[in-house]
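Before any comments, here is the structure.
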Amino acid sequence: MGMEQVWVLPAILAGVFVVVALFNRLLPHRGDFLAILGMLAVVALVALVLLDFQGAFVGGHFDPAGTNVYAFDWLTIGHDFFTIQFSTFVDSITVVMLVVVSFVALMVMLYSVGYMHGEPRYGWYFALLAFFTAAMLTLVISGNLIQLYLAWEGVGLASYLLIGFYWERRTAAEAAKKAFITTRIGDVGLLIGIILLWRATGSFDIQTIIAAARSGAIDETYLTVAMLLLFAGAAGKSAQFPLHVWLPDAMEGPTPVSALIHAATMVVAGVYLVARFSPVFAEVLVARDVVLYVGLLTAVMAATMALVENDIKRVLAYSTVSQLGFMFVALGAGAVTAAMFHLFTHAFFKSLLFLGSGSVIHATEHQTVEQLGGLRRKMPITTLTFVVGGLALAGVPIFAGFWSKDEILVAVNEGAALPVYAILALTAGLTALYTTRLILLTFFGEPKNQHAFEHAHESPPPMLGPLVILAALATVAGFVALDGVGRALGFAGGIGEILYLSSPHHFEFNAMLALASTVVAVGAIGIGWAYWSGTAERATRARLWAPELHQLLVRRYYMDDLYQALINRVILGLAGVVAWFDKRVVNETGVDGGAQLLGFFGYRLKFLQTGKIPNYALAMAVGLTAIVLVAFGRQ
Amino acid sequence: MFDRLPLPSQFDRIIVQGGIAATLFGVPVLVVLLALLIGNRIEAPELVFWLDATVVLLGALGAVFLRNLVHAALALIATLIGVAGIFLLLANEFLALVQILVYGGGVVILLIFGLMLTNAQDDPVVTDGSQKPFAFGIAAILGGLFVAAVIDANWGAQTLSVVPFRDFGARLFRDFLVPVILVAVLLDIALTGAFVNARRSSDEDAMVPTGQDAEARS
Amino acid sequence: MIPIENFLLLAAVLFAIGFYGVLARRSAILILISVELMLAGAAINFVTFATYLDPVGFSGAVFALFVITVAAAEVGLALGIVLRIFRERQTVNVDEVDSLKW
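Residue numbers (the working numbering), protein chains in the order written: chain A, 1 to 635; chain B, 636 to 853; chain C, 854 to 955.
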């Protein structure tokens, strides 16, 4: 099992999906063990791929351009006009994604065994998880854009089905629809971008396109437009402004799904896409700047909204949006590695936080901080792991998030204007602030709902196991960036060397900046502690302190209202015009009018049918004579 | 049955009128033809042909223009007999014989029976359809086309050859055996169909004569 | 010898007269009579060609025989139909038999 055979990974899970989806009622435990065994196999195979990758790297025969394996021609039109090939492509970015996706998926599946126990559609749930993971793995190993797009829609479908998993609940169905349609807006851009790139290069192969773009064969404006359209797709999938509105609503799905799809894997597909095309983005700086500023705006907006949100999962969702914004800022600053590193660590600590919140919800059946509080006394392990995740998110030193966030700040400091750095650093402080608020209001202080508190209990081992493992990783995952650790793992020059292959940067550790961010993070935690700890009524102080600002944030900058108004006024108005056109012009004039015209002529012409035989005979005679005349005239 | 036939009251008149018409048309034609014969402009067979053609055409015109149904049927007889004469002129005695047997003996009787069994006795005079002018125009154009085609064509060397009975029979029952059988089947089906169609109902077999008559003919 | 045109012209005129009768007459039986005229014209044509142009095979004469036979069958069948119509509608006027109109 090496880099050439990565197609096996999604194939296993696709098979699992089919078997579990069709036969889960016949299988013991609804087939969950099949999904987990398949996932274990995938993780083992990913480890082999990783070893192969490391071996190739150490052995010096690693191709920095990646391993491109042509599979087969799927569709050919014309001689060489249009060919869609299936191929797999593995390079360092792919390997990172493979590790993240397979590992988090395994953790989530193990966790789900406890969390989803007793659900009526338990088997279908695991089938969908397998389907999602298969699509996600296909996405990251795709060698060409059409294949990538198929997988891209596949994960979108899985996301839709899993957000709407509790479809009996109207909000869940609405949220699923919203997520699907919002990401679809971006996907249209992505598809147009793919077509534009194909027009310019005649190929769907990603590496061919990148090479063509770098050689300057494509007009710069054209390339900028194409890249911006690709970024539109990425922004839709990764919930960037202005398409971020679906992700908080997506929390209607089961919590493990939020951890897997809406924190660790699917939402980073956009980051992956932009990272994959980073050599091209380096050519078109306008597009790269758009990525930077959209990411920055998203990071700030989402962080501020997270400050006032009371639903645990929604806080985490805003946090995810914000952190994705960080990754895009890094990409916009040209630091692919920083983005991928943050993606890597974020996957662990954010899925940890989601699974922790799932544990809380499982125990108390409440998910707003107004009903929670003081849970540390009932759920010590959950609390501990959640705090670890929170520290990682807040960027406290030695935890994973610290290293990666710091990398981003370093990259921004070098690659972008100073205000960008300042705002981003401030946003990092906001991150620490809302994380502190969340943890304090959930696990510390006094219980606000005594009944829920008494009902609470520590979660069962299948749920705690993944929490502990992920907490450990959230603590140490950042160390891989250190050169020494990397060398100890067998990579000469550290892992950073590998990740930086496509980019001239090296992992850097700027002590001054690190100190600054540490101060910001710890300071923010201190402020939060001082502000929110203690009694219950302190939780709502912000609302009284600045009501207008609070209202603005609670209403999510009125983005949802704006979209709703847009839909009500503009889209429904347009739909009315179209409906009128369809009704009056197409239907009544075109279809009915044609029928009436025919009916009119039919009514008039029917009197030709007199029923009198001599009339028919005369008509035949006229025809016969005409034929004879023609035949005679032609001689 | 014969008292229902409109003949007795009209028979004399039609004979007289027909005789006068035949005389009026026939005598001048005969005179002209005899003159041409004597003047050696035509041969004797041609004279016979023209006389016969006169009969045929007069009969045909009578069949389509006479307003009395029975008169029209009688005019048809003249035409059919004349056609038998044409067959004789064409040196085919067998067909002339068949023509007289089948038409004169069968078809015309059948037609007159049809006339009698319908309302011919109540209303023997019929008016023609309103599309008569169109019919005349079309028939004239078509006939003109045929005439023009005949005159226009070059018929090449012509030999008039007698068709002997023996050869005709051999040809008919050796080379055309399958068509003959098919025609026999066709006749059978047609007679059955006519019988079924004309039968009044299951308890009355009044229309049987139609079938028997046709059967006797073949 | 009588020229071939004579017979052909006679046949053509006979056919045209019958054609006129079929189109112009209203009584079903008179239409049948007119059809007989057309068939006679066709038969004359067949025999003429057989006698003048095909002295060995004289297929035309055989066909004329078939024409006569089929004409007999046709008359028999058609008269059956006419009688049926007459019984149903008390008329053989084809203008009045128009149940198949609009």
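Beta carbons: idealized from backbone N, C-alpha and C, even for Gly.
Fair warning: this is a prediction, and the values are worked out from it, not measured in the lab.
Within the model, the alpha-carbon separation for H244 (chain A) versus S238 (chain A) is close to 8 Å.
Here the alpha carbons of L145 (chain A) and I206 (chain A) stand approximately 6 Å from one another. Per DSSP, reduced to three states, the secondary structure at T67 (chain A) is strand. In this structure, the straight-line span from the alpha carbon of E941 (chain C) to that of L862 (chain C) is close to 42 Å.
As DSSP reads the structure, T83 (chain A) sits in a beta bridge with A:T76. For a Cβ distance threshold of 7 Å, residue set I773 of chain B lies close to A621 (chain A), ordered along the chain. Bounds of the alpha helix (DSSP H) holding M512 (chain A) are 511-532. If the five residues before and after A903 (chain C) are omitted, its C-beta is found closer than 6 Å to the C-beta atoms of F911, G913, A914, all from its own chain and listed in chain order. Taking 7 Å as the cut-off between beta carbons, the residues of the region 875-888 of chain C near chain B are L876, A877, R878, R879, S880, I882, L883, L885, I886, S887, in sequence order. Neighbours of L618 (chain A) in chain B, taken as residues at a C-beta separation under 8 Å, are given in chain order as Q766, F769, A770, I773. For V99 (chain A), the closest C-alpha among the options A:L324, A:M305, A:T265 is that of A:T265.
Put simply, the backbone Cα of Y873 (chain C) is about 10 Å away from that of V888 (chain C).
Restricted to the region 72-158 of chain A, the beta strand (DSSP E) segments that are unbroken, complete and at least 3 residues in length are 82-90, listed in chain order. Contact between the region 356-376 of chain A and the region 263-280 of chain A is absent: fewer than 3 CB-CB pairs across the two stretches fall below 8 Å. Chain-ordered, the chain C residues with CB closer than 9 Å to the CB of G611 (chain A) read V950, D951, S952, L953, K954, W955.
Measuring C-alpha to C-alpha distances from V923 (chain C) to each of B:Q766, B:A710, B:L817, B:A833 identifies B:L817 as the nearest. For G55 (chain A), the closest alpha carbon among the candidates A:I93, A:V321, A:G2 is that of A:G2. Between G332 (chain A) and R288 (chain A), the C-beta spacing is below 7 Å. Contact between K954 (chain C) and G602 (chain A) does not hold, since their C-beta atoms are separated by about 15 Å, which reaches or exceeds 8 Å.
Excluding sequence positions up to five before and after R878 (chain C), its CB lies within less than 7 Å of the CB of I884, S887, all in the same chain and listed in chain order. In the structure shown, N413 (chain A) falls within a helical segment according to DSSP collapsed to helix, strand and coil. The bridge partners DSSP lists for N946 (chain C) are C:S880. Contact of T589 (chain A) with chain B is not assigned, every C-beta pair being separated by 7 Å or more.
DSSP places D311 (chain A) within a strand segment (E or B) once states are collapsed to three. Among the CB atoms of chain B, none fall inside 7 Å of the CB of I938 (chain C). Among the bridge pairs identified by DSSP, N789 (chain B) is matched with none. Neighbourhood of L780 (chain B) in chain A, by CB distance below 7 Å: V628, L629, F632, in chain order. The alpha-carbon of W246 (chain A) is positioned some 18 Å away from that of L552 (chain A). Between V945 (chain C) and chain A, the shortest Cβ-Cβ separation is not below 7 Å.
Counted as a single uninterrupted DSSP element, the alpha helix (DSSP H) harbouring S357 (chain A) occupies residues 336-364.
Among the bridge pairs identified by DSSP, T265 (chain A) is matched with none. Put simply, the CB of G741 (chain B) is near chain C, with a gap under 7 Å to one of its CB atoms. In this structure, the alpha-carbon of A869 (chain C) lies about 25 Å from that of A726 (chain B).
For the pair I882 (chain C) and L826 (chain B), the CB atoms are not nearer than the 7 Å cut-off. V920 (chain C) has a beta carbon lying at 7 Å or more from every beta carbon in chain B. At a Cβ-Cβ threshold of 7 Å, L13 (chain A) and G38 (chain A) count as neighbours.
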